[in-house]
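Top to bottom, those sequences are chains A and G. Counting in my numbering, the first sequence runs from 1 upward without gaps. Counting in my numbering, the second sequence runs from 314 upward without gaps. All residues carry an ideal CB built from backbone N, CA and C; glycine is no exception. No experiment lies behind these values; they were computed from the predicted model shown.
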Amino acid sequence: MRPSHPIRGSEITSESAYLNRRDVLQLAAAGGMALAAPSFAWAATGLAAKPGGYDPKEEITPEADATSYNNFYEFGTGKADPAAKSGDFNPRPWSIKVDGLVGKPTEFDLDALMALGLEERIYRMRCVEAWSMVIPWIGFPLSALIDKVEPLGSAKYVAFETIVRPEEMPGQRGIFQPLDWPYVEGLRLDEARHKLTILAMGMYGKTLPNQNGAPIRLVTPWKYGFKGIKSIVRITLTEEQPASTWNRLAPGEYGFYANVNPAVNHPRWSQAMENRIGGGGFFGSNERPTLPFNGYGDEVASLYAGMDLKANF
Amino acid sequence: MALPALPKRYHAASIWALYSLGLVPAVWTFYLGATGQLIGNPVKIFEHLLGEWALRFLILTLAISPLRDLFGINWVRYRRALGLLAFWYVAMHFLAYMVLDKRLAFGVIVEDVFKRWFITIGMAALLMLIPLALTSNTWSIRRLGPGWVKLHRLIYPVAAAGALHFCLAVKVIGPEQLVYAGLVSLLLGWRLARPRYMAWKRGRRQANVGLAPARALTK
């Protein structure tokens, strides 16, 4: 019998290696024009993480869909805008300022954030627009960051803020501005410290692409996607409930909590069902019932014990 | 302003070219969606494309008479084709919603139509377009006489409903919605201003005719 010849791991080109090579090629190609048109385009590179133990055992959304069908109004209101118009955005270097009601206000750079322990977690993602995906995120529990800054007893909420950089974010410039910048979001402190809440720095084994919120974004899988604030530059612990962008714009349509809830319809569409995005054309996606708390009720329902979820939507 | 006139023998061919070109976006996008080449949410992409082209053709239909009034460009021969293209796009938009998006879940569709304002408004526009499409033939124009003109004024509420439907369907009204709503408002506003403008134009023409000999004399 012929001996089998397994391919050794070292012989396989890792994605990070070939992406780096592509970067070099792109740089070489762009070199001639570098003076005329400086480009900050930054490709996703490999990001190592240990398994985080969360897997809904559902089909993972194709990466091409998750990185091309996005809501990120800083780059435009169209679903294709974030992928098409985020090429000038440069998420490096980066830092997050953590302040407010904390004992040790701190500014974290990317290395310090990565040191908080990256793990891969596969989460369902349900958009308020009634579509959903399953995404393998790479990130760390937000609680790890909060612990570092030693919250004061008076801290009840956590406020988040996205970067404002009109020169690199076409949605933030021009006559028409769909939202007030910066994009802001908030969580109750117990929600922010919940074990499911992560700050993601990567997806699909790589650093976050610009259109998905590079270099760091919030992921709260039991809440509608708009709570997942992207490209975060500031986190502030507060006593009062902080403002959140969509709630401020249309309080009747988007609540502060924004927990996924099939029983509370958006005034203009039903939330009972969702369209699971998937490759393969018109019939590649499928309609499925939306679950309370997006299927994470066992973990998070206790956060809202005794609360009227219809009033606090 | 005068454009080089299209020789009369090409008129019929140009109208058929408009029909076929007009359907290209729908056919091409359907092909892309059916073969898995629309990434993200193919059904919504197709559905929204059909709705947007419906609005574009409605706007073009409404632009024909101001073009003639204001600039002397007479494209009235294309108006029927543009109106019918608008109708076909609205119908395909609804079909895509019903079959591809809601997978013929009639309970959900009925609830949408009666409970969600922007869908009610869109549905009303589709219903109003049906008699217009049915009476778009020459026979009906002859048969209905002045009633035909009156009936076809329904295109005004249809266009207004279309623009409103687009604005109400999105989470936040963006530049696209503003452009379409603005164009529809301008074109409908023109209908209000038109009688006065035409009277003013007639008056000026008469005045010019009256002055002509005098001018000739002073020269």
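Listed by position along chain G, the residues whose Cβ is nearer than 9 Å to that of A:LEU291 form an empty set, because the closest Cβ is around 18 Å away. Where A:ASP99 is concerned, the enclosing beta strand (DSSP E) starts and stops at 95-100. With respect to the 8 Å criterion, G:GLU360 and G:ASP414 are classified as neighbours on the basis of their beta carbons. Beta-bridge partners assigned by DSSP to A:ASN259: A:LYS223.
Taken in chain order, the complete beta strand (DSSP E) segments of 3 or more residues contained in the segment 106-138 of chain A are 106-109, 119-126.
Its Cα nearest to that of A:ASP99, the residue A:PHE108 stands out among A:PHE75, A:GLY171, A:PHE108, A:TRP137. With fewer than 16 neighbouring CB atoms inside 10 Å of its own CB, G:ARG504 falls in the exposed class. Secondary-structure assignment with DSSP links G:VAL522 through no beta bridge to anything. Contacts between A:ARG268 and chain G, judged by CB atoms closer than 8 Å, involve ARG429, TRP430, PHE431, LEU481, ALA482 in chain order. In the three-state DSSP reduction, A:HIS266 falls in the strand class (E or B).
Under DSSP, G:ARG392 shares a beta bridge with no residue. A:ALA200 and A:ARG217 have their alpha carbons spaced roughly 5 Å apart.
A residue is called buried once 16 or more other Cβ atoms fall within 10 Å of its Cβ, and A:PRO141 is buried on that count. Among the CB atoms of chain A, one or more fall inside 8 Å of the CB of G:ARG416. Contact note: A:GLY225 does not reach chain G at a C-beta cutoff of 7 Å; the least C-beta distance is about 12 Å. Taking 4 residues as the shortest admissible run, the segment 450-478 of chain G contains the following complete alpha helix (DSSP H) segments, listed from N- to C-terminal end: 451-457, 459-465. When Cβ-Cβ separations below 8 Å define contact, A:TRP131 makes contact with chain G.
For A:ALA192, the number of other beta carbons within 10 angstroms of its own is at least 16, and it is reported as buried.
Residue pairing of A:LYS310 in beta bridges, as defined by DSSP: absent, with no partner found. Listed in chain order, the positions of the segment 156-189 of chain A with a beta carbon within less than 9 Å of a beta carbon of chain G are GLY174, ILE175, PHE176, PRO178, LEU179. For G:PRO379, same chain residues with a beta-carbon under 7 Å away, outside a window of 5 residues either side, are LEU500, TRP503 in chain order.
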